[in-house]
Amino acid sequence: MPFIPHTEADIFAMLESIGAPSLDALFDEIPADLNCAGLKGIPAGLSEMAVTRLMHGRAAQDGFYSNFIGAGAYEHHIPAAVWQIVTRGEFYSAYTPYQAEASQGTLQLLYEYQTMMASLTGLDVSNASLYDGASALAEAVLMAVRANKAGVRRVLMPATVHPRYRAVVQSTVKHQGIELVSVAYDPATGATDLAALDALAGTHAAALVIPQPNFFGALEPVDVLTDWAHAHGMLAIAVTNPLSLALLKAPGQWGGGNAAYSSLTPSPSPEERGEPSAPLRGGDVVGADICVGDGQPLGVPLSSGGPYFGFMTARQALVRQMPGRIVGRTVDLDGKPGFALTLQAREQHIRRSKATSNICTNQGLLVTAATIHMSLLGPEGLKNVALASHASTRALLDKLASLSGVERVFNVPFFHETVIRVNTPVPDVLRALRAQGILGGHDLGRDYPELAGCILICATETKTEDDLEQYRQQLERILSRRNGREPGVPPCAYK
Amino acid sequence: MLIFEHAHPGRRAHAQAPYNAPAADDLPAELLRQSPPLLPETSELDVVRHYTRLSQKNFSIDTQFYPLGSCTMKYNPRACNTLAMLPQFLARHPLADVETGQGFLVSMYELQEMLKEVTGMAAVSMAPMAGAHGEFAGVAMIRAYHDARGDSARREIICPDAAHGTNPATASMCGYTVREIPTDRQGNVDLEALRAAVGPQTAGLMLTNPSTLGVFEQSIVEIQRIVHAAGGLSYYDGANLNAILGRVRPGDMGFDVIHMNLHKTFSTPHGGGGPGAGPVGVSERLKPFLPIPYVLEDRGFHRWAEEGDCPQSIGRLSTFGGNMGVLLRAWVYARMLGGQGMLRVAEFAALNANYLAAELRKAGFDLAFPERRASHEFIVTLKKLKDATGISAMDFAKRLLDYGFHAPTTYFPMLVPECLLIEPTETESKETLDAFVTAMVKVRDEAQLEPELVKGAPHTLPVRRLDDVKAARELDLTWKPV
Numbered sequence: 001m002p003f004i005p006h007t008e009a010d011i012f013a014m015l016e017s018i019g020a021p022s023l024d025a026l027f028d029e030i031p032a033d034l035n036c037a038g039l040k041g042i043p044a045g046l047s048e049m050a051v052t053r054l055m056h057g058r059a060a061q062d063g064f065y066s067n068f069i070g071a072g073a074y075e076h077h078i079p080a081a082v083w084q085i086v087t088r089g090e091f092y093s094a095y096t097p098y099q100a101e102a103s104q105g106t107l108q109l110l111y112e113y114q115t116m117m118a119s120l121t122g123l124d125v126s127n128a129s130l131y132d133g134a135s136a137l138a139e140a141v142l143m144a145v146r147a148n149k150a151g152v153r154r155v156l157m158p159a160t161v162h163p164r165y166r167a168v169v170q171s172t173v174k175h176q177g178i179e180l181v182s183v184a185y186d187p188a189t190g191a192t193d194l195a196a197l198d199a200l201a202g203t204h205a206a207a208l209v210i211p212q213p214n215f216f217g218a219l220e221p222v223d224v225l226t227d228w229a230h231a232h233g234m235l236a237i238a239v240t241n242p243l244s245l246a247l248l249k250a251p252g253q254w255g256g257g258n259a260a261y262s263s264l265t266p267s268p269s270p271e272e273r274g275e276p277s278a279p280l281r282g283g284d285v286v287g288a289d290i291c292v293g294d295g296q297p298l299g300v301p302l303s304s305g306g307p308y309f310g311f312m313t314a315r316q317a318l319v320r321q322m323p324g325r326i327v328g329r330t331v332d333l334d335g336k337p338g339f340a341l342t343l344q345a346r347e348q349h350i351r352r353s354k355a356t357s358n359i360c361t362n363q364g365l366l367v368t369a370a371t372i373h374m375s376l377l378g379p380e381g382l383k384n385v386a387l388a389s390h391a392s393t394r395a396l397l398d399k400l401a402s403l404s405g406v407e408r409v410f411n412v413p414f415f416h417e418t419v420i421r422v423n424t425p426v427p428d429v430l431r432a433l434r435a436q437g438i439l440g441g442h443d444l445g446r447d448y449p450e451l452a453g454c455i456l457i458c459a460t461e462t463k464t465e466d467d468l469e470q471y472r473q474q475l476e477r478i479l480s481r482r483n484g485r486e487p488g489v490p491p492c493a494y495k
Numbered sequence: 001m002l003i004f005e006h007a008h009p010g011r012r013a014h015a016q017a018p019y020n021a022p023a024a025d026d027l028p029a030e031l032l033r034q035s036p037p038l039l040p041e042t043s044e045l046d047v048v049r050h051y052t053r054l055s056q057k058n059f060s061i062d063t064q065f066y067p068l069g070s071c072t073m074k075y076n077p078r079a080c081n082t083l084a085m086l087p088q089f090l091a092r093h094p095l096a097d098v099e100t101g102q103g104f105l106v107s108m109y110e111l112q113e114m115l116k117e118v119t120g121m122a123a124v125s126m127a128p129m130a131g132a133h134g135e136f137a138g139v140a141m142i143r144a145y146h147d148a149r150g151d152s153a154r155r156e157i158i159c160p161d162a163a164h165g166t167n168p169a170t171a172s173m174c175g176y177t178v179r180e181i182p183t184d185r186q187g188n189v190d191l192e193a194l195r196a197a198v199g200p201q202t203a204g205l206m207l208t209n210p211s212t213l214g215v216f217e218q219s220i221v222e223i224q225r226i227v228h229a230a231g232g233l234s235y236y237d238g239a240n241l242n243a244i245l246g247r248v249r250p251g252d253m254g255f256d257v258i259h260m261n262l263h264k265t266f267s268t269p270h271g272g273g274g275p276g277a278g279p280v281g282v283s284e285r286l287k288p289f290l291p292i293p294y295v296l297e298d299r300g301f302h303r304w305a306e307e308g309d310c311p312q313s314i315g316r317l318s319t320f321g322g323n324m325g326v327l328l329r330a331w332v333y334a335r336m337l338g339g340q341g342m343l344r345v346a347e348f349a350a351l352n353a354n355y356l357a358a359e360l361r362k363a364g365f366d367l368a369f370p371e372r373r374a375s376h377e378f379i380v381t382l383k384k385l386k387d388a389t390g391i392s393a394m395d396f397a398k399r400l401l402d403y404g405f406h407a408p409t410t411y412f413p414m415l416v417p418e419c420l421l422i423e424p425t426e427t428e429s430k431e432t433l434d435a436f437v438t439a440m441v442k443v444r445d446e447a448q449l450e451p452e453l454v455k456g457a458p459h460t461l462p463v464r465r466l467d468d469v470k471a472a473r474e475l476d477l478t479w480k481p482v
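See below:
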């Protein structure tokens, strides 16, 4: 009996103590006609050795690829120490720290995590994590709507936000009558179209979502967007890659009236529209109000999509609207510092149908990984990873854009992802690359029909010059063949 | 000491970051960070030692008996972790073509099929990332079903008062109002109250079985008949699935939707509070509304169902489809157990719970429902002790920590005063249970003889009782350098 320690003698003694004639008798309160006839569709049990052999076979079948896909999940080196510590039984097999005195390890780690995330994003407070980046954005939208005292149930959602994030937000918030209004992007830059945004100036909305970097890897004019949101009585919700924040301006520093674009139409203040202004802020105030994103780049392996973790930080004034666990530092009976879950009156186990969210657990183990990961890298290490990833994608873009049949699509700076267009159907190109062991990127035509022919490419610090060169050579060969030329022959004499 | 207090300017874990990364001279200065984030500057050894020491301040299943009722803290087999973390599985990008992940996908498909068999439901989606997330998916499907039939006047979800807080919170998130119905004296749903509550406004009922009171809902068939007759759908909260695994199946009982907590019944780790996994199973009529993705099989080839495959789906719940690594662990566990092993899970969970209840009763403790058979868990009420000595369930729980036992769940369910909800799980031995009884008796004796000792507990942990009021009033949520 796997994982059941009972001997025959134990079973006999325990049934005798209970006064039950058999194990079956323990189920005598279940109406007899409900009993099922066992679980015939479940295969027989395997030993650890047998299941190991089976699983190794399947892993080998899947193999390894040279990966240039990003699109919301990023390959990075993870120090060996991270997961060795994370999978210590004391972290791995503990539960939510309800008994604070018996959970100081997890609680202190969460407090350290909250400190790191608040600093990284430049905001005041952090929760102890949410499920993933997309669900964190959904929670941020709900939070912004709750915080809107005028009861506005509309949020501006740029088309440059990850399509899956937009889908998850939609399937999460639609039940509460919240409307998402799309904002177009500029086809030249791949960043949010400021004129299109300005056309929405009269739209009463609770918040503007600002992705940085956006789904195309492009850098948005975050100062302008933040000021625009505040000037129009909206909260600014930042969606960021946390790794990028080692290099890019923290959302808590966005805006503040220093924006270069002053041509945007001023709009009536909340007071002029007859709405109470609190907790809204004017266009000259610094910083996004809420920041969310996926913590996966901070020490979490790709793992076919999860488990990852969503992070959320916010201004202090919004802390009571936050969903999820929050850890606070306090003292014990002797005045010694210690840590405990706090502000639990927001949560479902206390507030039930009036809670800020139904969320119960967070993604504790992944946060454990991220905290150890950030500690090992430190501020300089994290920045170096961001810089190296940026440089790697730049180098890849230079190599690929030099090929005939390949062009760069957007003309703004990017972080570690960008878009190329190929003159051959993308599925064919990606399939041919895959046959050479290369995952060449994400087909943008799937979610953006106008970008058919475009591939979102990403090269992190894990890619060597040789890896980039392999990609270039294979792509050149594939495009040459497709375009009716022999491989290896330069497409143009002057290139 | 915090990790930040171990830091020294200029110290580095040199092996961990690329050197000499070129400057990002192409990025506009106004988009760059001005000052470094507050991350510690430490050596690798500093970090390893700090977090290893922190881990040692935790109670965990691997180190202590953890009879936390309603949480199913059973042993998490190590093989599940080792095999889910094979490098090919870790390296696989979620958007890589399914052709590159057939070994992974066939495992997902097999788990999906096994969960169908375990629950008796028509179809399963493993997209939800936690129990509460599964609840959300389930209630959203109930809503989608009514909406698709143009039956949108159904605005109410019924929850028994013993329900987990996630049930009413979920109903609210799905835009429903919540109607609570009481529990009768035997711990069952009050049928008369239920009959009075249902009507054309009823969208559905959320029922936890065995209930959070640790007993099987004996009128479960009648409860469903009442809800279905009123046009509502029935939701089975599978939080306590461990108690009935292989004995009864929610699908056979006529339920429309169930969520499972794989971090309970299928022994994936609780991880200090996540990640979990909360797959949902549905009856035939809810099938079109399942959240995406789920795995489709066609002549041995596996792929994810997407928007085009199921236009009526309630949609996506996560960026990439769910907590895949958790699902892999559950697959390993399910394969090691097999069908027979799963039957034994419920049998021995029930044996341990009923034995522990019997022994505690013999030792003079009051069971909340002494006339009922325990399921996989049961409730002890310390009301008499509190009245006699002033020692509360909280005091009692804290003193148990001193004896090396994680405390049972306290003050839930709220229906029972001064309660301890105790769930031993099937993986604990008789000796462990006996030692727990001895500790319970000791603490009770102390409550009578040395109440101050119990009120001041714990005494042997890294900290003594913490000031929760100060934590909430004087918020200190991040460390600030002095």
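Heads up: the sequence lines are chains A and B, in that order. Once you know that position 456 of the first sequence is 456 in my numbering, the rest is easy, because the numbers rise by one and skip nothing. Once you know that position 442 of the second sequence is 442 in my numbering, the rest is easy, because the numbers rise by one and skip nothing. For every residue, glycine included, the Cβ atom is placed at its ideal position computed from N, Cα and C.
For B/His270, the residues of chain A that pass the 9 Å Cβ criterion are Tyr92, Ser93, Ala94, Tyr95, Thr96, Thr361, Gly364 and Leu365, in the order they occur in the chain.
Remark: C-beta atoms of A/Thr342 and B/Ala132 do not approach each other more closely than 9 Å.
Closer than 9 Å to the CB of A/Cys454 there is not a single CB belonging to chain B.
Taking 9 Å as the upper bound on Cβ-Cβ separation, chain B lies near residues Tyr98, Gln99, Ala100, Glu101, Ala102, Ser103, Gln104, Gly105, Thr106, Leu107, Gln108, Leu109, Leu110, Tyr111, Glu112, Gln114, Thr115, Met116, Met117 and Ala118 of the segment 98 to 118 of chain A.
Taking B/Tyr355 as the centre and dropping the five residues before and after it, the same chain places the C-beta of Leu433 closer than 7 Å to its C-beta, in chain order. In the three-state reduction of the DSSP assignment, A/Gln296 falls in the coil class, being assigned neither a helical nor a strand state. Shown here, A/Glu407 sits in a strand according to DSSP, grouped into three states. Non-local beta-carbon contacts of A/Glu179 in its own chain, meaning distances under 7 Å to residues more than five positions away in sequence, involve Arg153 and Arg154 in chain order. When Cβ-Cβ separations below 9 Å define contact, B/Ser125 makes no contact with chain A.
Setting aside the 5 residues that flank it on each side, B/Gly274 is surrounded in the same chain by Ala130, each with a C-beta closer than 7 Å to its C-beta; the list follows chain order.
Here the segment 444 to 453 of chain B does not lie against the segment 82 to 91 of chain B, with fewer than 3 beta-carbon pairs under 8 Å apart.
The three-state reading of DSSP puts A/Ser17 in helix, counting H, G and I together. Where B/Tyr51 is concerned, the enclosing alpha helix (DSSP H) starts and stops at Glu44 to Ser55. Using a 10 angstroms sphere on the CB of A/Val82, the tally of other CB atoms reaches 16 or more, which defines it as buried. Within the segment 168 to 228 of chain B, the runs of alpha helix (DSSP H) at least 4 residues long that lie entirely inside it are, in chain order, 191 to 197. Sequence-distant partners of B/Ile3 (beyond 5 residues in either direction) whose C-beta falls short of 6 Å from its own C-beta, in its chain, are Pro40 and His50.
Per DSSP, reduced to three states, the secondary structure at B/Val437 is helical.
CA-to-CA, the gap between A/Cys36 and B/Ala122 works out to about 16 Å.
For B/Leu477, a Cβ of chain A is located within less than 9 Å of the residue's own Cβ. Annotation: the segment 158 to 237 of chain A contains the following complete segments of the beta strand (DSSP E) (minimum length 3 residues), in chain order: 179 to 183 and 207 to 212. Nearest in C-alpha terms to B/Gln16, of all of A/Ala207, A/Asn241 and A/Ser375, is A/Ser375. DSSP places A/Glu461 outside both helix and strand once states are collapsed to three, so it counts as coil. Residues of the segment 151 to 163 of chain B with a C-beta less than 8 Å from any C-beta of chain A: none at all. Judged by DSSP in its simplified three-state form, A/Val286 adopts coil rather than helix or strand. In the three-state reduction of the DSSP assignment, A/Ile85 falls in the helix class, which pools H, G and I. Only residues of its own chain outside the window of five on either side were considered, and among them Val139, Ala140 and Arg143 have a CB closer than 6 Å to the CB of B/Cys174, listed in chain order. The beta carbon of B/Tyr235 sits no closer than 9 Å to any beta carbon of chain A. From the beta-carbon of B/Cys174, the residues of chain A found nearer than 7 Å are His175. Sorting B/Thr460, B/Glu426 and B/Ala447 by C-alpha distance to the C-alpha of B/Phe65 places B/Glu426 at the top. Residue nearest to A/Val125 within the set A/Gly328, A/Ala60 and A/Tyr98 is A/Gly328 (criterion: CA-CA distance). Of B/Ser152, B/Glu113, B/Asp395 and B/Gly325, the smallest CA-CA separation from B/Pro458 is found for B/Asp395. Residues of the segment 36 to 47 of chain A with a C-beta less than 7 Å from any C-beta of chain B: Cys36, Gly38, Leu39, Lys40, Gly41, Ile42, Pro43, Ala44, Gly45 and Leu46, listed in chain order. Comparing alpha carbon positions, the residue from A/Thr460, A/Lys463, A/Gly445 and A/Ala432 closest to A/Gln474 is A/Ala432. Counting along the chain, B/Val416 sits inside no beta strand (DSSP E), nor does DSSP assign it H or E at all. In this structure, A/Gly41 lies near B/Lys116, with their beta-carbon atoms less than 9 Å apart. For A/Ile78, there is no enclosing alpha helix (DSSP H), as DSSP gives it neither H nor E.
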